[in-house]
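The next block holds one structure in the form of structure tokens; read it before the comments.
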Amino acid sequence: MTGSEVSPSFRLVYVPGVMPDKWVRVWNERQPDVPLTLTQVPVGTAQGLLLDGGADAGLVRLPVDRTVLSAIPLYTEQTVVVVPKDHVVTAADSVTLEDLADDIVLHPLDDVLDWETLPGRPALERPATTADAVELVAAGIGVLVVPLSLARLHHRKDLAHRPLEEAPASSVALSWPEGETTDLVEDFIGIVRGRTVNSTRGRRPQPAPEKKREGDGRRRQPPAGAGGRGRRAGTGGSAKNPRRGKPRRRS
0 MTGSEVSPSF RLVYVPGVMP DKWVRVWNER QPDVPLTLTQ VPVGTAQGLL
50 LDGGADAGLV RLPVDRTVLS AIPLYTEQTV VVVPKDHVVT AADSVTLEDL
100 ADDIVLHPLD DVLDWETLPG RPALERPATT ADAVELVAAG IGVLVVPLSL
150 ARLHHRKDLA HRPLEEAPAS SVALSWPEGE TTDLVEDFIG IVRGRTVNST
200 RGRRPQPAPE KKREGDGRRR QPPAGAGGRG RRAGTGGSAK NPRRGKPRRR
250 S
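Take a look at the structure:
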């Protein structure tokens, strides 16, 4: 088997906030002979790494360039606003864009949300990363709008988050180079889509068990009426007294 036929391992990249653990666990159960190599990469570098052959597939945030990459959307995240723990919005279960009108809303350069118009007041400068923006929120300089997974990733005891209504959302997808749908990619697609190991859509379905042949030792019930059992057809009586039943009329 040559290296061009199958990779010695399956290389998967993923962006911050995406947790591939459950899929990795299933992969290791189904493919014990094919190691899965995981690499976390910044959002802005994932697509280039896939196109350069640095990975077989990636868990990325949409959109991706569909002219060169295939993608299967997996889920869409809830959007939240991250605020200091004593911020007024923490008294509510959810927040609207209008509730942030008087706040400075930080807009990091690696933001994954597609804003038409950012709510609130703009900051003087854009933080380089989401992690930098979280530090500024903790310092009381502004608030930050991110997908829920990123709020959890950068959780701090002095910060809180609340769902933000009417805000853009970020979707996560499994992506790989167009035209490079290898057997291993197909296997991982089956895992993220929840296919069972015996699924007919999988690459290696397990053979169906052979049907047992007749005469395999199983006892078969005798037909009705055989061996003196059951009722005799057309009489309405039992085998012991076939004449018993409704009397016949004389002609």
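With numbering that gives the first Met the number 0, letter number 148 in the sequence shown gets 147, and the count goes up by one each step, no holes.
We put the CB at the ideal spot given by N, CA and C, even for glycine.
DSSP state of residue i mapped onto helix, strand, coil
i	result
Thr38	strand
Arg192	coil
Ala122	coil
Ser148	helix
Val17	coil
Val87	helix
Trp114	coil
Gly178	coil
Arg29	helix
Phe95	Checking the sequence shown, residue 95 turns out to be Thr, not Phe. Here Thr95 sits in coil by DSSP.
Arg24	helix
Val184	helix
Val59	strand
Thr75	strand
Val136	helix
Ala172	strand
Ala45	helix
Thr129	helix
Ala225	Any answer about Ala225 is weak, because its pLDDT of 49 lies below 50 and its placement is not dependable; what the coordinates show is given next. Helix, per DSSP.
Gln205	Low local confidence applies: a pLDDT of 49 at Gln205 is under 50, so the model's placement there is unreliable, with the coordinate-based value given in what follows. DSSP places Gln205 in coil when its eight states are reduced to three.
Residue of the options minimising C-alpha distance to residue i
i	options	result
Thr75	Arg194, Val196, Gly193, Leu173	Leu173
Leu108	Met18, Pro41, Val136	Pro41
Trp26	Asp186, Val94, Leu158	Asp186
Pro68	Leu49, Val82, Pro167	As written in the sequence, residue 68 is Leu, which differs from the Pro given in the question. Taking only the C-alpha atoms, the option nearest Leu68 is Leu49.
Pro121	Gly47, Pro167, Asp101, Gln46	Asp101
Ala168	Leu158, Leu112, Asp157, Ala150	Leu112
Val82	Pro7, Trp175, Arg151, Val171	Arg151
Asp99	Ala137, Glu28, Gly141	One point to set straight first is that residue 99 is Leu, not Asp, in the sequence displayed. The residue with the shortest Cα to Cα distance from Leu99 is Gly141.
Leu135	Gln39, Leu117, Glu115, His106	His106
Phe9	Arg192, Thr195, Leu183	Leu183
Gln39	Met18, Gly193, Ala70	Met18
Trp114	Ala166, Pro72, His86	Ala166
Ser170	Thr44, Arg155, Ile71, Gln46	Ile71
Glu124	Gly189, Ile103, Tyr13, Glu28	Ile103
Thr195	Arg29, Lys84, Gly43	Arg29
Val133	Pro15, Arg155, Ala91	Arg155
Ile188	Gln46, Pro15, Trp22, Val14	Trp22
Ala138	Val12, Pro15, Asp85, Ala45	Asp85
Sheet register partners of residue i (DSSP bridge)
i	result
Arg10	Thr36
Arg161	Val80
Val104	Pro121, Val142
Ala70	Ser174
Count the C-beta pairs between the segment 72-92 and the segment 159-166 that are closer than 8 angstroms, then say yes if the count reaches three, no if not. Taking 8 angstroms as the limit for Cβ pairs, the verdict is that the segment 159-166 does touch the segment 72-92.
Three or more C-beta pairs below 8 angstroms linking the segment 55-70 and the segment 174-184: Between the segment 55-70 and the segment 174-184, the count of Cβ pairs shorter than 8 angstroms is three or higher; the stretches touch.
Would the segment 64-75 count as touching the segment 122-129 if we require 3 or more Cβ pairs under 8 angstroms? Flag = no, the segment 64-75 and the segment 122-129 do not touch.
Would the segment 21-34 count as touching the segment 143-162 if we require 3 or more Cβ pairs under 8 angstroms? Short answer: they don't touch.
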